[in-house]
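Residues 0 to 129 (numbering that gives the first Met the number 0) make up the sequence shown, in order. Yeah, the Cβ is synthetic: ideal placement off N, Cα and C, and Gly gets one too. Remarks on the structure that follows.
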Amino acid sequence: MSKESNESKEAFERYKLITEILSEDKIGLKLVNDLVKYCISYMEMISSYESLVELNKFRKETEEELSPEILDKMAELGKIRIIKHNALISQLKIVNRYIFRNYKDDMPPGGIYSLTPSTLKDLNPETLPE
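Structure below.
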């Protein structure tokens, strides 16, 4: 099994565990559901951005330079990607803060986040479990 496949399996197992713990908690489930929506939105943005980058690599090979419109679109998508990434990380921290305040004894290390917290770009000790 590949590393990515194993990480995906672990993440899904973590998701199932936490939603089971939160099964009677409407607020907690809504927070987790919102996190999933942020993940989907971010992945859609990454896909769009990467498609545009690949398309432009092809254009660079066939044309001398990219048009200002294409460069503007790439810059715009790059900014949106950063905003969506920051929103995703923020929601992840909100979920972790909520579940550790309300279910600390039941939560696995890292809370909803199945990798080590040090892999998050913007570390804030106040929002990550110890």
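Is residue i near the ligand COA, in the sense that its beta carbon is under 6 Å from a heavy atom of that ligand?
i, result
"Asp105", "As far as ligands go, the structure on display features none, and thus does not contain the ligand COA."
Residue i: buried (16+ other C-beta within 10 angstroms of its C-beta) or exposed?
i, result
"Ser7", "exposed"
"Asn95", "buried"
"Lys92", "buried"
"Ile39", "exposed"
Among residues of its own chain, excluding the 5 on either side of residue i, which ones have a beta-carbon nearer than 7 Å to its beta-carbon?
i, result
"Ile20", "Tyr102, Asp105"
"Phe57", "none"
"Thr18", "Leu28, Val31"
Residues in its own chain within less than 8 Å of residue i by CB, not counting five upstream and five downstream?
i, result
"Leu76", "Met44, Ser47, Tyr48, Leu51"
"Gln90", "Leu30, Asp33, Leu34, Tyr37"
"Glu125", "Confidence in Glu125 is poor, its pLDDT being 47 and thus under 50, which makes the residue's placement too unreliable to answer from."
What residue range is occupied by the uninterrupted alpha helix (DSSP H) comprising residue i?
i, result
"Pro67", "67-102"
Measuring straight from C-alpha to C-alpha, what distance separates residue i and residue j?
i, j, result
"Ile82", "Leu30", "19 Å"
"Leu98", "Ala86", "Residue 98 is actually Ile in this sequence, not Leu. In a straight line, the C-alpha of Ile98 is about 18 Å away from that of Ala86."
"Glu23", "Asn5", "29 Å"
"Gly27", "Tyr41", "21 Å"
"Lys15", "Ser1", "21 Å"
"Asn55", "His84", "23 Å"
By Cβ distance below 6 Å, which residues in the same chain neighbour residue i in space, the five residues on each side in sequence not counted?
i, result
"Pro128", "Confidence at Pro128 is low in this model, with a pLDDT of 44, below 50, so the placement of that residue should be treated as unreliable; the coordinate-derived value is given next. Within the same chain, Pro128 has close Cβ partners Phe99, Gly110."
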